[in-house]
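Structure record follows, encoded as structure tokens.
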């Protein structure tokens, strides 16, 4: 618990409110790429740089939408889609595998202006799950669709489909095999369309992984997300994930559960995207509770810190990003790191990885 307390204190200290003299932003965007045990000793300089470049690319995509007067919904979708296509992050391409050797993808999006929301769970062929979640919100009478029905709906909405090999990365596959061996469970066949396993230099030699894939020993909660306020004051949130390595029985975490991993409300004055041990975030209704706190006068940082402390009190780990109605954002975590970044009309883009780093405000 000492590491949790230290990380929370460090995050609060370095991510305090902006200076009073700073001009209020007309638009603002914050993103995350997952939280967990992320320490400097774990990442090589090259991989550290690759993660920062991936975060920057997502900020660039979302801020380009906002800078030209686009909507917060378009901005969060654009940012998340970039991370869904980046194999460093556990969402879309690069997602972790189920115990059956499949990628099952979840996502959610919410419009803070009218509380409209959409989510999907268990997608296996839709390239951008966040686009499917938005289609559910805007083109169906429903909020959540799952499995084959969600896939059929996404196809009917004209969304791009890909083969299972598209999502495959060697590091995620090897992580699955290790997890199954450690648990004494059977190993599934290599997925159709996956490239041949890379050759080893010797029988006991480790596989050499691409620096643009997640490390094999990664110990983080793999989720990506974005929250934004546009120039018209509209708030939106979006979150996407591949879930947990070796998950079974159709497990679904907090991401597509509106009010747990994703929520936005202009009336309450906040938009939230979470990343962490999903079962705990569901139990604590994290995203909705943060907005309830801001609705009664808490700052976004106060609300985020209080809710993450509550998650920690029941045994959960992770973090959140929160956007306020004034364009001020907050990061909070009880882990040693969270891939994150932010940019606004008045502040340049900045990204951070470790708990003691300052990210943009």
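In our numbering, the protein residues as written are 769 to 1129.
All residues carry an ideal CB built from backbone N, CA and C; glycine is no exception.
- Within the model, the alpha-carbon separation for residue 1061 versus residue 1071 is close to 6 Å.
- The beta carbons of residue 995 and residue 1033 sit about 12 Å from each other, so the pair does not count as a contact at 8 Å.
- Secondary structure note for residue 921: its alpha helix (DSSP H) is the uninterrupted segment 915-924.
- Per the coordinates, the alpha-carbon of residue 961 lies some 17 Å from the alpha-carbon of residue 853.
- In this structure, DSSP gives residue 791 a state outside helix and strand, which the three-state scheme calls coil.
- When the beta-carbon positions are compared, residue 1088 and residue 1111 stay at least 8 Å from each other.
- Under the three-state reduction of DSSP, residue 1110 is assigned to strand.
- Membership of residue 905 in the alpha helix (DSSP H) is indicated by the continuous run 897-907.
- Leaving aside the five residues that flank residue 866 on each side, the residues in its chain whose CB is nearer than 6 Å to its CB run, in chain order, 872 and 1015.
- Straight-line spacing of the CA atoms in residue 840 and residue 1002 works out to 6 Å.
- Residue 936 sits in coil when the DSSP states are folded into three classes, being neither helix nor strand.
- For the set 1095, 849 and 917, the Cα lying nearest the Cα of residue 826 is the one of 849.
- Counting along the chain, no alpha helix (DSSP H) covers residue 1118; the unbroken beta strand (DSSP E) around it starts and ends at 1118-1122.
- In this structure, the straight-line span from the alpha carbon of residue 1064 to that of residue 1058 is close to 10 Å.
- In this structure, the straight-line span from the alpha carbon of residue 888 to that of residue 915 is close to 8 Å.
- In this structure, the CA atom of residue 1109 is about 6 Å from the CA atom of residue 798.
- Shortest Cα-Cα distance from residue 1005 to any of 791, 1073 and 884 involves 884.
- When DSSP reads this structure, residue 1099 sits in a beta bridge with 1089.
- Fewer than three pairs of CB atoms, one per stretch, sit closer than 8 Å, so the region 902-911 makes no contact with the region 931-939.
- Take residue 816, set aside five residues on each side of it, and the residues of its chain with a beta-carbon closer than 7 Å to its own are 1121, in chain order.
- Nearest in C-alpha terms to residue 1035, of all of 820, 804, 851 and 882, is 882.
- Counting every other CB atom within 10 Å of its CB across the protein chains shown gives residue 1126 a total below 16, marking it as exposed.
- Annotation: the region 824-904 contains the following complete segments of the alpha helix (DSSP H) (minimum length 4 residues), in chain order: 840-852.
- Here residue 927 is near residue 899, since their CB atoms are less than 8 Å apart.
- Looking from the CA of residue 842, the closest CA among 813, 877, 1012 and 804 belongs to 877.
- Looking at the DSSP output, residue 997 sits in a beta bridge with 796 and 1003.
- Straight-line measurement puts the Cα of residue 1012 at about 17 Å from the Cα of residue 806.
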